[in-house]
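Below is one structure, written out as structure tokens, with a few remarks after it.
Residue numbers (this note's numbering): 287 to 672.
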């Protein structure tokens, strides 16, 4: 029997309107002065006020750092650290999608660990914890609120770093799907496919075990059922709630079973061409699945069946073929562009492929894949999706 090792937040509150309990969670943890880490767009949308109004009513003082950028960089992190050190803060609240939540995690653990963030990239485990981190997701995709991972981009080396360990696990997660009703089509689609990739890769990962399987198998059908409806109607409460729950379940799955080849290849696309993480995952998922299915047919067939992309009496081989076909159809329905349709420079893209393949392998994620690729395999997959 395989041995599973699970890390998760001490407090998890989930449901519509649960953000109103933020002050109560802080009090429960004995905390009294948070720095809220977010981005300006979320502040303009009024999401920041949904949290600060609660803190104001409870008489809790706070600071705000709203300088987080998409795909947060080491320089963005340093700005956040400066803001944290400038006040007498006893915790960090990460409010937003993956970028603010990952930045909040990094602000916390880098306030307690010396050096540059690149010194701690995976496989290093960051176990020296900083101040408590409370994460409040607003997108329902990354699952960062429940994971032991975060990602920071190095502006000098043009590389996205995987950072993991106990110090990257939130103290509390407050998961309120009501934040997501303002998400536009593109972000809804991309974050949902990000969640789907988390769940599928956790299920087929070489590090999967029974505990993570349960979360992955629960998340996949929720995403397959609700993603199209959420894109078509942002106010669809059932669909929004389903996707937020699935994102959290998929986060628990991949946090403890790890991701695989899609994520390994996705990060370099984001680092070099500034493609949003969920979108680059979506670009890759059908092709990488087709590359991998023959090496874990039973597992991929389970994915197809649980999402009702295949019949229960289909053979594993037939179910795998239907899975690849349906993932491609999903991309069509969600209007996922190929890299060539996203405005990427073709010559630069192809010139960068050897470096991207090297960085993908160095991340460690491809080694969890059912079919472990060579650098040449990865280059070919990048060419295939162009």
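Cβ coordinates follow ideal geometry from the N, Cα and C atoms, glycine included.
Simplified DSSP assignment, three categories, for residue 352: As a working note, residue 352 is residue 66 in the chain shown. If DSSP states are grouped into helix, strand and coil, residue 352 belongs with coil.
Residue 287 versus residue 546 - alpha carbon distance: In the chain shown, counting from the first residue as 1, residue 287 sits at position 1. In the chain shown, counting from the first residue as 1, residue 546 sits at position 260. Bear in mind that a pLDDT of 45 at residue 287, under 50, signals an unreliable position, so the model cannot answer this.
Cβ shell of residue 475 (< 6 Å), same chain only, five flanking positions each side left out: For this step, residue 475 is matched to residue 189 along the chain shown. Contacts found: 517, 620.
Every unbroken beta strand (DSSP E) inside the stretch 417-502 [3 residues or more]: 419-423, 435-440, 445-450, 458-461, all fully within the stretch 417-502.
Nearest-angstrom beta carbon gap, residue 427 and residue 564 [assumed within contact, 8 Å]: The count along the chain shown starts at 1 and reaches residue 564 at position 278. The count along the chain shown starts at 1 and reaches residue 427 at position 141. Going by Cβ atoms, the distance from residue 564 to residue 427 rounds to 6 Å, so yes, they are a contact pair.
Residues that DSSP places opposite residue 325 in a beta bridge: Reading the chain shown from its first residue, position 39 is the one you call residue 325. DSSP, once it has assigned bridges, lists 353 as partnering residue 325.
Residues sharing a beta bridge with residue 377, DSSP: Residue 377 sits at position 91 when you count from the first residue of the chain shown. DSSP, once it has assigned bridges, lists 320 as partnering residue 377.
From 398, 452, 532, 495, residue whose alpha carbon lies closest to that of residue 462: Residue mapping note: residue 462 aligns to position 176 of the chain shown, counting from 1. Distances from the CA of residue 462 to each of 398, 452, 532, 495 were compared; the closest alpha carbon is that of 532.
Nonlocal neighbours in the same chain, by C-beta distance under 7 Å from residue 617, ignoring five residues either side: For the purposes of this step, residue 617 is identified with residue 331 of the chain shown, where counting begins at 1. Within its own chain, the residues whose Cβ lies closer than 7 Å to the Cβ of residue 617, once the five positions on either side in sequence are excluded, are 568, 572, listed in chain order.
DSSP three-state assignment for residue 400, whether helix, strand or coil: Against the chain shown, residue 400 aligns to sequence position 114. Residue 400 falls in the coil class under three-state DSSP.
Rounded C-alpha distance that separates residue 432 from residue 579: On the chain shown, position 146 is the one that residue 432 refers to. On the chain shown, position 293 is the one that residue 579 refers to. If you take the alpha carbons of residue 432 and residue 579, they lie about 28 Å apart.
CA nearest to the CA of residue 559, picked from 453, 356, 590: Here residue 559 is taken as the residue at index 273 of the chain shown, counted from 1. Among 453, 356, 590, the Cα nearest to that of residue 559 is on 356.
Continuous alpha helix (DSSP H) stretch holding residue 412: start and end: Numbered from its first residue, the chain shown carries residue 412 at position 126. If you look at residue 412, you'll find it isn't in any alpha helix (DSSP H); DSSP assigns it neither H nor E.
Cβ shell of residue 548 (< 7 Å), same chain only, five flanking positions each side left out: Along the chain shown, one-based indexing puts residue 548 at 262. Hits under 7 Å: 483, 487, 567, 570, 571, 574.
Any 3 or more C-beta pairs closer than 8 Å across the stretch 411-425 and the stretch 310-320: These segments touch.
Coarse secondary structure for residue 528, derived from DSSP in three states: Within the chain shown, the letter at position 242 stands for residue 528. DSSP places residue 528 in helix when its eight states are reduced to three.
contact_flag[the stretch 498-505, the stretch 436-445] where n(CB pairs < 8 Å) is 3 or more: In this structure the stretch 498-505 does not touch the stretch 436-445; the number of beta carbon pairs closer than 8 Å is below three.
The alpha helix (DSSP H) enclosing residue 591, as first and last residue numbers: For the purposes of this step, residue 591 is identified with residue 305 of the chain shown, where counting begins at 1. For residue 591, the uninterrupted alpha helix (DSSP H) run begins and ends at 583-592, by DSSP.
Cβ pair count under 8 Å reaching 3, the stretch 583-597 against the stretch 551-558: At 8 Å Cβ cutoff, the stretches do not touch.
Coarse secondary structure for residue 664, derived from DSSP in three states: Indexing the chain shown from 1 puts residue 664 at position 378. The answer is helix: DSSP assigns residue 664 an H, G or I state.
For residue 562, the nearest candidate out of 351, 454, 339, 384 (CA to CA): Residue numbering aside, residue 562 sits at position 276 when the chain shown is read from its first letter. Nearest Cα to residue 562 within the set 351, 454, 339, 384: 384.
Short Cβ contact (7 Å threshold) for residue 646 with residue 664: Against the chain shown, residue 646 aligns to sequence position 360. Against the chain shown, residue 664 aligns to sequence position 378. Yes; because the gap between Cβ atoms is below 7 Å, this pair is in contact.
Beta-carbon separation (whole angstroms), residue 353 vs residue 365, contact threshold 8 Å: Taking the chain shown and counting its residues from 1, the one referred to as residue 353 is at position 67. Taking the chain shown and counting its residues from 1, the one referred to as residue 365 is at position 79. Confirmed, about 5 Å.
First through last residue of the beta strand (DSSP E) which encompasses residue 300: Residue numbering aside, residue 300 sits at position 14 when the chain shown is read from its first letter. Per DSSP, residue 300 belongs to the beta strand (DSSP E) from 297-300.
Classification of residue 435 by the beta-carbon crowding that lies within 10 angstroms, buried from 16 upward: Position 149 of the chain shown, counting from 1, holds the residue named residue 435. Buried, by the Cβ-count rule.
Identified DSSP bridge partners for residue 303: Numbered from 1 along the chain shown, position 17 holds the residue referred to as residue 303. BP columns for residue 303 are empty, so no partner.
Residues bridged to residue 382 (per DSSP): Taking the first residue of the chain shown as position 1, residue 382 is located at position 96. In the DSSP output, where bridge partners are listed per residue, residue 382 has 423.
Buried or exposed (CB count within 10 angstroms, at least 16 for buried), residue 407: Within the chain shown, the letter at position 121 stands for residue 407. Answer is buried; the Cβ neighbour count reaches 16.
First through last residue of the alpha helix (DSSP H) which encompasses residue 563: What you label residue 563 is simply residue 277 of the chain shown in a count that begins at 1. First-last of the alpha helix (DSSP H) with residue 563: 563-578.
Spatial distance of residue 667 from residue 554 (CA atoms): Here residue 667 refers to the residue found at position 381 of the chain shown. Here residue 554 refers to the residue found at position 268 of the chain shown. Whole-angstrom Cα-Cα distance: 13 Å.
DSSP bridge partner residues for residue 359 (one or two, in chain order): Here residue 359 corresponds to residue number 73 of the chain shown, with the count starting at 1. Residue 359 has 439 as its beta-bridge partners, per DSSP.
Alpha-carbon spacing of residue 347 relative to residue 341, whole angstroms: Here residue 347 is taken as the residue at index 61 of the chain shown, counted from 1. Here residue 341 is taken as the residue at index 55 of the chain shown, counted from 1. The alpha-carbon atoms of residue 347 and residue 341 are separated by roughly 7 Å.
CB contact flag (residue 606, residue 583, <7 Å): Walking along the chain shown from the start, residue 606 turns up at place 320. Walking along the chain shown from the start, residue 583 turns up at place 297. Going by C-beta atoms, residue 606 is nearer than 7 Å to residue 583.
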